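Each position in the sequence shown, counted from 1, maps to that position plus 51 in the numbering used here. A virtual CB, placed ideally from N, CA and C, is assigned to each residue, including glycine. Small disclaimer: the values here were computed from a predicted structure and weren't measured. To keep things clear, I will list the structure first and then write my remarks on it.
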Amino acid sequence: MLEYTLKRSRRRKTVAIKVQQQTLTVYAPYGVAKQYIEQWLATKQDWIAHQISKQSQQLDTRQRPLQSSQIQLFDTPLSVQFDIGKTSRWQFFSTQSPALLHISCSGRVKNIYAMYQTQLEDFMREQLEHYIEMRIQQYCSVMGEALPNNLKITTYKRRWGSCNQRRELTFNLLLASAPHWVIDYVVVHELAHMKYLNHSALFWQRVSEFYPDYKHATQWLKQHGGGLQWVFGYTV
Ligand SMILES: [Zn+2]
Numbered sequence: 052m053l054e055y056t057l058k059r060s061r062r063r064k065t066v067a068i069k070v071q072q073q074t075l076t077v078y079a080p081y082g083v084a085k086q087y088i089e090q091w092l093a094t095k096q097d098w099i100a101h102q103i104s105k106q107s108q109q110l111d112t113r114q115r116p117l118q119s120s121q122i123q124l125f126d127t128p129l130s131v132q133f134d135i136g137k138t139s140r141w142q143f144f145s146t147q148s149p150a151l152l153h154i155s156c157s158g159r160v161k162n163i164y165a166m167y168q169t170q171l172e173d174f175m176r177e178q179l180e181h182y183i184e185m186r187i188q189q190y191c192s193v194m195g196e197a198l199p200n201n202l203k204i205t206t207y208k209r210r211w212g213s214c215n216q217r218r219e220l221t222f223n224l225l226l227a228s229a230p231h232w233v234i235d236y237v238v239v240h241e242l243a244h245m246k247y248l249n250h251s252a253l254f255w256q257r258v259s260e261f262y263p264d265y266k267h268a269t270q271w272l273k274q275h276g277g278g279l280q281w282v283f284g285y286t287v
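Here it is as structure tokens:
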């Protein structure tokens with residue numbers, strides 16, 4: 052039998068079900084026997100299972116390059132090929148259409164998935180760093196700001212970038228799967244922190260001066276941020 056929460060109410064005239072966040076709730080008027088509810092639920096089992104699986108797909112939008120042979124690089128989906136070779140390395144064939152990323156893992160490596168992941172991250176880091184470096188130079192000159200003292204790409208769980216008092220900027224590696232216009236927003240946001248190390252009205256004014264549509268970008272990150280992650284292995 053399905054697990055569900057039963058909510059009864061006096062005003063309700065009919066029985067209804069709701070599937071939300073993988074849980075099932077049944078709404079029923081007082082006086083409807085539990086046995087009747089469960090018989091009725093049994094006839095709805097297929098529909099409920101369908102709703103639950105549909106919602107779980109919506110919840111987990113992370114990229115699975117090993118299964119899909121694909122990774123999103125900025126605005127473009129790349130084909131990725133994984134294999135065992137003489138050395139662990141990546142090769143990028145950018146002129147091919149679609150562009151192809153070839154990732155090899157040495158046969159001597161014990162944890163193949165971990166090595167695939169290391170190689171992919173190395174490739175994505177190089178692409179992102181290259182793009183961000185270029186944009187920092189352009190935006191710094193437009194904003195009349197001196198270049199930052201350091202630039203680092205790392206993996207954060209809950210932030211897209213950071214800036215400290217020493218004018219060192221850090222960006223989340225996962226941005227490599229975001230469109231250029233969204234990365235530009237994060238760049239402007241962190242560069243604006245070199246003037247204001249807070250989220251004051253003056254700070255946001257500076258962001259909007261050089262990136263007027265910043266609300267669109269923050270919304271995009273809220274909505275799609277989870278899908279920028281990549282997952283390796285078959286069990287997760
Ligand atoms: Zn900030």
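Asked, Found
"Outcome for MET245 when other beta-carbon atoms lying within 10 angstroms are tallied against a minimum of 16", "buried"
"As assigned by DSSP and simplified to three states, the class of PHE222", "strand"
"Whether TYR190 touches VAL233 by CB criterion (8 Å)", "no"
"Sub-8 Å separation of ARG140 and SER155 beta-carbons", "yes"
"Buried/exposed call for GLY212, threshold 16 Cβ in 10 Å", "buried"
"Beta strand (DSSP E) runs wholly inside the stretch 197-267, at least 3 long, in chain order", "201-205, 212-214, 219-223"
"Cβ-heavy atom distance, HIS181 to ligand 1, below 7 Å", "no"
"Nearest residue (CA-CA) to VAL240, options SER228, TRP255, PRO230, ASP97", "The amino acid occupying residue 240 in the given sequence is His; Val does not appear at that position. Of SER228, TRP255, PRO230, ASP97, the residue nearest in Cα terms is TRP255."
"Backbone CA spacing between GLU184 and ALA252 [nearest angstrom]", "27 Å"
"Residue span of the beta strand (DSSP E) that contains TYR78, given as start and end", "74-80"
"Local conformation of ALA67 per DSSP, three classes", "strand"
"Pick from HIS153, TYR262, GLN216 that is closest to TYR236, judged by C-alpha positions", "TYR262"
"With 16 other Cβ atoms within 10 Å as the buried cut-off, status of SER228", "buried"
"Where ALA93 falls, given that 16 or more other Cβ within 10 Å makes a residue buried", "exposed"
"Contact test: HIS250 Cβ vs ligand 1 heavy atom, cutoff 7 Å", "yes"
"As assigned by DSSP and simplified to three states, the class of VAL287", "Unreliable placement is indicated for VAL287, whose pLDDT of 38 sits below 50; the coordinate value is still reported in the next sentence. Of the three classes helix, strand and coil, the one that applies to VAL287 here is coil, per DSSP."
"C-beta contact flag for ASN200 and GLU180 at 8 Å", "no"
"heavy atom of ligand 2 below 7 Å from HIS240 C-beta", "Among the ligands in the structure shown, ligand 2 does not appear; only ligand 1 can be found there."
"Residues sharing a beta bridge with ARG140, DSSP", "SER155"
"Close Cβ partners of ARG115 (< 6 Å) along its chain, the five nearest in sequence each way excluded", "VAL282"
"DSSP-derived helix/strand/coil call for GLN280", "coil"
"Option in ALA197, ILE88, GLY276 with minimal Cα separation from THR292", "Outside the shown range of the chain, which is 52 to 287, sits residue 292, and nothing can be said about it."
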